[in-house]
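S.K.: Shown below is the structure under consideration.
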Amino acid sequence: MSGATGWAPLWASDIAGPVLGASGRGSGTVVALRRGDERVFLTDGHTAYGGREPVGADTRFEIGSLTKVLTALLLAERVARGEVAYGSRVSGLLPPGVTLGEHGAPVTLLHLATHTSGLPRLPPGLPASARGRWLTNPYEAFSADDLMTAVGRTRPRFVPGTRVRYSNFGVGLLGRLLVGAGGSGVDGYGALLGARVLRPLGLERTDCGELSQATGYWHRHAQPPWRIPGLPAAGAVRSSGRDLLRLLDALIDPGEVPEPFLRAGLADVVRPRLALPRGDRRLALIWNIQPRPGHDLYHHSGGTRGFSSFAGFSPRTGVALVALTNTAPRMGSPFIQSAYEALRALASERAGAGARGGVSSLDPAVTAVPFDPAAVRR
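Each step along the sequence shown adds one to the number in this note's numbering, with nothing skipped, and position 324 is 993.
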């Protein structure tokens, strides 16, 4: 275990220790912490079993569904530019000859970004294409053309906007539509994300490429790099602890970002959109929100067949936590759960100390909808 300069302050070791201990069968783990003006990176292990390269703040991990929070930010940035609107209908952005069925109301970009579109978790045709690959690379043989074929075969399962149901299909489609919408000026999700979000934020170790990353493991068996060509916006990104903490810094303090449209997008992406009627949880664009006494926690997690990831922050208390390890999520997700508990403890300590202050991000006027309990897990 080590800090950014070879040691870690006691508070950081206390917070990160249980997370590092919950990493399970991965060979390397990184925990990145922010507490006010302090930034600490704690690491344990190596980039591969039997390897000599230690993991560090800049080691690249597959982040799986954490990709979705970047896709949401890309949407908010394009909305800020006036290139698309949250209310833009999916049907108006699809390629010629492709039609999405309707169920009582049209599907919009906002529905895709809040898991309220009615689209299933996986697109039609993907399970069949994953035969023989399910435990290694289930998305590998599902192409961008297959995605459009799946759209043409799909009718939402409920009236859009009336329920929450987690959908890789929906967010993958959102990324495809953002690339195709007029004015992007680039070709491909990775290129657009890089131009509009990653490079302006200085996320130099973040992209959709497979090169220069830690080796992923499932039950200590090395896994091939994750490939998701048809749905990159749902899970293709690789990133590092340093880059993801920098992203959370920007979400906590968007005013520090010089690019005006991205700055507006950073402020808008965290605005609560839906209240979940069981309990007090809410949803922003992709981000899950858990209100706590005096503050609120934003969080999301991700997993591939070889990696687990978590990112969370509290705007009001000025704390953030990133946890990355190179092993697939286990039953019950102890690594992700321990990371959430660590974030909660860090934010509660700061809230009790009266850190930051300011206006709560929760808006009591957000819409309440029924939801699938699994929708806010990952």
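Even for Gly, the Cβ is constructed at its ideal location relative to N, Cα and C.
For V1082, which residues in the same chain have their Cβ closer than 6 Å to its Cβ, ignoring the five residues on either side in sequence?
M.R.: Coverage of the chain is limited to positions 670 through 1047, which leaves residue 1082 absent and any answer about it impossible.
S.K.: Determine the extent of the alpha helix (DSSP H) in which E746 is found, giving its start and end residues.
M.R.: Counting along the chain, the alpha helix (DSSP H) containing E746 begins and ends at T736 to R750.
S.K.: Rounding to the nearest angstrom, what Cα-Cα distance links A1011 and A685 in this structure?
M.R.: If I take the Cα positions, the gap works out to 7 Å.
S.K.: Could you tell me the distance, in whole angstroms, from the CA atom of S909 to the CA atom of G773?
M.R.: Each residue's Cα considered, the two are about 42 Å apart.
S.K.: Pair every Cβ in the region 792-806 with every Cβ in the region 737-754, then say whether three or more of these pairs are closer than 8 Å.
M.R.: In short, these stretches do not touch, since the Cβ pair count stays below three.
S.K.: According to the Cβ coordinates, are A992 and F976 closer than 7 Å?
M.R.: No; because the gap between Cβ atoms is not below 7 Å, this pair is not in contact.
S.K.: Look up F730 in the DSSP assignment and give the residues it is bridged to.
M.R.: Paired residues: S908.
S.K.: Please classify H888: does DSSP put it in a helix, a strand, or coil?
M.R.: In this structure, H888 counts as coil in the three-state DSSP scheme.
S.K.: Can the beta-carbon of F710 be found less than 7 Å from the beta-carbon of A691?
M.R.: The answer is no: Cβ separation not under 7 Å.
S.K.: Evaluate V828 with the Cβ neighbour count: other Cβ atoms within 10 Å of its Cβ, from every protein chain shown; 16 or more gives buried, anything less gives exposed.
M.R.: Label assigned to V828: exposed.
S.K.: Using only the alpha-carbon positions, how far apart do N806 and I958 sit?
M.R.: One C-alpha to the other measures close to 30 Å.
S.K.: I need the straight-line Cα distance from R874 to L1015, nearest angstrom please.
M.R.: Using only the alpha carbons, I get a separation of about 26 Å.
S.K.: Near S671, which residues of its chain fall below 6 Å by C-beta distance, leaving aside the five closest residues on each side in sequence?
M.R.: Confidence in S671 is poor, its pLDDT being 39 and thus under 50, which makes the residue's placement unreliable; the coordinate value appears in the next sentence. Answer for S671: T712, listed in chain order.
S.K.: Going by DSSP, name the residue or residues bridged to L993.
M.R.: DSSP output for L993 lists V699 and S978 as bridge partner(s).
S.K.: How about H969 and L735: are their beta carbons less than 7 Å apart?
M.R.: Yes, they are a contact pair.
S.K.: How would you call R703, buried or exposed, if buried means at least 16 neighbouring beta carbons within 10 angstroms?
M.R.: By the neighbour-count rule (16 or more Cβ atoms within 10 Å), R703 is buried.
S.K.: State the start and end residues of the unbroken alpha helix (DSSP H) segment that holds G686.
M.R.: Element bounds for G686: L679 to G690.
S.K.: Could you have a look at Q959 and say whether DSSP puts it in helix, strand or coil?
M.R.: Q959: strand per DSSP, three-state reduction.
S.K.: Where I955 and A891 are concerned, what is the direct C-alpha to C-alpha distance, given to the nearest angstrom?
M.R.: Answer to the nearest angstrom: the Cα atoms are 30 Å apart.
S.K.: So, using beta-carbon positions, are T994 and G705 closer together than 7 Å?
M.R.: Not closer than 7 Å, so no.
S.K.: So that I know if they touch, is there some Cβ in chain B lying closer than 7 Å to that of D876?
M.R.: The question asks about chain B, but that chain is absent: this structure has only one protein chain.
S.K.: What separation, rounded to the nearest whole angstrom, lies between the Cα atoms of R932 and L966?
M.R.: Rounded to whole angstroms, R932 to L966 spans 20 Å at the Cα level.
S.K.: From what residue to what residue does the alpha helix (DSSP H) around D937 run?
M.R.: It spans P929 to V938 - the alpha helix (DSSP H) in which D937 sits, taken as one unbroken run.
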